[in-house]
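Down below is the structure, laid out as structure tokens.
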Ligand SMILES: Nc1ncnc2c1ncn2[C@@H]1O[C@H](COP(=O)(O)OP(=O)(O)OP(=O)(O)O)[C@@H](O)[C@H]1O
Ligand SMILES: [Mg+2]
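Protein chains in written order, with our numbering: chain A, 13 to 232; chain B, 17 to 307.
Structure, rendered in structure tokens:
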């Protein structure tokens, strides 16, 4: 479960998020939409603690983030899979090693690292580029590597920031199908996107963010 | 298992930044070699200094006249003292013979003598550990009080000089060791700092993926340790080259070099010293990691 309670975030007196309150239940799949600069990425960053809120409380799986000690942050992050908007792939590691890194960080044994990483790459359709370096891949392929890395550790919560931004409609649909599958296995998923096409018939729940204010949209 | 991953990424990173690492390994090696050579010279000076006390002696001049019995008693009481290694009685007649022998080329000096002007004496050698300025003066003071002993002479200066020499050798060793160790730490510090900055972006990503500070830090500590270790091993090689150059090549020209002793225990310590200094340097370079 993800719960925001009166959360505000300022960047140098510029209010990015205004008094945000919402919850996403365990096992739910929700979308956040809104124009560029609305604060979608910022909202996600608060959850994996890349940024800290200036006001309000956030809890994930009933853990109050403000009560976490610095040494406990890694544990939180290992339970959250993040597809970063800018991918954040490591250029001097191969595609395979990028995905495997997420498991090494979790202390997974060498043998399991291998099978889980191959499995994750297969799910995003990139097993054939396992030994390539990110720079030699297309934008859409890089994005799918980022997705494989986010799901490989079997996260409790999956946060995806514009995960289909670089994908053609068909591949985008494949990724959404993959997310659905994970969701049906119990993963809580929150996706930030302004891809209207994507929202059309896949959305269960839609949150709209507009200049820092959050509104719940009714889904038809 | 995470440890093996840390080792793998440490080695990869060492390979990626070959030149920086080779350069700093060579710097560490030559620094450790300097330490070894300093230890070598100071160790030999110390060995010589350790033998110096054996040459140190006190001369106790006896009152005149003294019976055989009294002389015996004095010698016995001196022998009983725990500080005394051995004593040698020199009768006035022996002393005169010795003097004549010494002055054999200028015999005229002794021509006018019809009576032996010398006194009998006892030469006292102290055990090595008692040849220090404080104990020699104490022992001399006590011996002087023995009835039958007139005066006592000993080289206060010599005891002091030996003491000073050993003290300086020790101080110089410590100073050299500390300065050069500091240098080694600084070299590894700079190297790891560069590696750390170059990987800054990667580290920021790894943090967001849930890495602990230990996971981030360990490969760098290993890298620092490996630089120190390789420096230490290279240092051993350098020291051997030096040793054989001195004992086989130079000693044919300068024979006294053959008597030099090489402290091989120091060599075994080099890689460990390297590892410790390397790890310290990289630990300082990484500093505290904010997640
Ligand atoms: N580190 C920062 N320092 C200052 N301002 C920032 C920072 N990060 C974001 N902002 C500002 O916060 C606002 C929201 O940014 P955010 O990235 O959350 O938007 P977004 O909804 O994700 O946009 P997009 O759809 O383009 O990704 C923007 O106006 C941006 O300029
Ligand atoms: Mg964004």
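Just so it is clear, CB atoms sit at the ideal spot from N, CA and C, and this is done for glycine as well.
{"Asked": "Please find out if some non-hydrogen atom of ligand 2 comes closer than 7 Å to the beta-carbon of residue 52 of chain A.", "Found": "yes"}
{"Asked": "Hey, is the region 122-139 of chain A in contact with the region 66-77 of chain A, meaning 3+ C-beta pairs nearer than 8 Å?", "Found": "no"}
{"Asked": "Using a Cβ-Cβ cut-off of 8 Å, state whether residue 226 of chain B counts as contacting chain A.", "Found": "yes"}
{"Asked": "How would you write the range of the alpha helix (DSSP H) that residue 281 of chain B sits in, first residue to last?", "Found": "280-302"}
{"Asked": "Looking at the secondary structure, which residues open and close the alpha helix (DSSP H) in which residue 172 of chain A lies?", "Found": "Careful: residue 172 of chain A lies outside any alpha helix (DSSP H), inside the beta strand (DSSP E) at 169-173."}
{"Asked": "Would you verify that the beta carbon of residue 198 of chain B is, or is not, closer than 8 Å to some beta carbon of chain A?", "Found": "no"}
{"Asked": "Quick one, are the C-beta atoms of residue 44 of chain B and residue 303 of chain B less than 8 Å apart?", "Found": "no"}
{"Asked": "Under 8 Å, do residue 252 of chain B and residue 283 of chain B count as touching if we go by C-beta distance?", "Found": "yes"}
{"Asked": "Cβ closer than 9 Å: which chain B residues qualify as neighbours of residue 82 of chain A?", "Found": "229, 306, 307"}
{"Asked": "With DSSP as the reference, label residue 31 of chain B as helix, strand or coil.", "Found": "helix"}
{"Asked": "Go through the region 234-267 of chain B residue by residue and report every complete run of the beta strand (DSSP E) that reaches 3 residues or more, in order.", "Found": "none"}
{"Asked": "Leaving out five residues on either side along the sequence, give the residues of the same chain with a beta carbon under 8 Å from the beta carbon of residue 87 of chain B.", "Found": "78, 105, 136, 164"}
{"Asked": "Could you please give the first and the last residue of the uninterrupted beta strand (DSSP E) stretch that includes residue 220 of chain A?", "Found": "218-222"}
{"Asked": "With a 10 Å radius around its C-beta and 16 neighbouring C-beta atoms as the bar for buried, classify residue 153 of chain A as buried or exposed.", "Found": "buried"}
{"Asked": "At a threshold of 7 Å, does residue 155 of chain A count as lining ligand 2 (C-beta to nearest heavy atom)?", "Found": "no"}
{"Asked": "CA-CA distance, residue 17 of chain B and residue 119 of chain A?", "Found": "Here residue 17 of chain B scores only 45 on pLDDT, less than 50, and its place in the model should not be relied on; the value that follows carries that caveat. Roughly 7 Å between the two C-alpha positions."}
{"Asked": "What whole-angstrom Cβ distance do residue 40 of chain B and residue 201 of chain B have, given they're in contact under 8 Å?", "Found": "The Cβ separation is near 12 Å, so there is no contact."}
{"Asked": "Starting from residue 131 of chain A, trace the alpha helix (DSSP H) both ways and give me its first and last residue.", "Found": "122-135"}
{"Asked": "Is the region 133-144 of chain A touching the region 77-87 of chain A, taking contact as three or more C-beta pairs under 8 Å?", "Found": "no"}
{"Asked": "Return the Cβ separation of residue 211 of chain A and residue 218 of chain A in integer angstroms, given the expectation that the two are a contact with Cβ distance under 8 Å.", "Found": "7 Å"}
{"Asked": "What residues of chain A sit near residue 218 of chain B, judged by a beta carbon separation below 8 Å?", "Found": "102, 104"}
{"Asked": "Terminal residues of the continuous beta strand (DSSP E) containing residue 50 of chain A?", "Found": "That residue, residue 50 of chain A, is in no beta strand (DSSP E); it is neither H nor E in DSSP."}
{"Asked": "Apply the 10 Å Cβ neighbour rule to residue 37 of chain B and answer buried if 16 or more other Cβ atoms are within range, or exposed otherwise.", "Found": "buried"}
{"Asked": "Residue 21 of chain B touches chain A at which residues, Cβ-Cβ below 7 Å?", "Found": "116"}
{"Asked": "Nearest by alpha-carbon distance to residue 238 of chain B: which of B/268, B/295, B/103 is it?", "Found": "B/295"}
{"Asked": "Which residues mark the beginning and the end of the alpha helix (DSSP H) in which residue 184 of chain B is found?", "Found": "172-214"}
{"Asked": "Counting only beta-carbon atoms, is residue 17 of chain B nearer than 8 Å to chain A?", "Found": "Interpretation of residue 17 of chain B is limited by its pLDDT of 45, a score under 50 that renders its predicted location unreliable; the figure taken from the coordinates is listed afterwards. At least one chain A Cβ lies under 8 Å of residue 17 of chain B."}
{"Asked": "At 3 residues or longer, and completely inside the region 83-128 of chain A: list those beta strand (DSSP E) runs for me, N to C.", "Found": "92-95"}
{"Asked": "Hey, is residue 145 of chain A's beta-carbon within less than 8 Å of any beta-carbon in chain B?", "Found": "no"}
{"Asked": "Can you look up residue 21 of chain B in the DSSP assignment and give me helix, strand or coil?", "Found": "helix"}
{"Asked": "Would you tell me roughly how many angstroms separate the C-alpha atoms of residue 298 of chain B and residue 236 of chain B, rounded to the nearest one?", "Found": "6 Å"}
{"Asked": "So which residues of chain B does residue 181 of chain A contact, with C-beta pairs closer than 9 Å?", "Found": "None at all; the shortest Cβ gap to chain B is about 29 Å."}
{"Asked": "Evaluate contact between the region 149-156 of chain B and the region 119-139 of chain B, counting only Cβ atoms and requiring at least three cross-stretch pairs below 8 Å.", "Found": "no"}
{"Asked": "Taking the alpha-carbon positions, what's the residue 141 of chain B to residue 289 of chain B distance?", "Found": "41 Å"}
{"Asked": "Rounded to a whole number of angstroms, what is the C-alpha to C-alpha distance between residue 15 of chain A and residue 32 of chain B?", "Found": "44 Å"}
{"Asked": "Output, in sequence order along the chain, the residues in the region 58-79 of chain A whose CB is closer than 7 Å to any CB in chain B.", "Found": "60, 62"}
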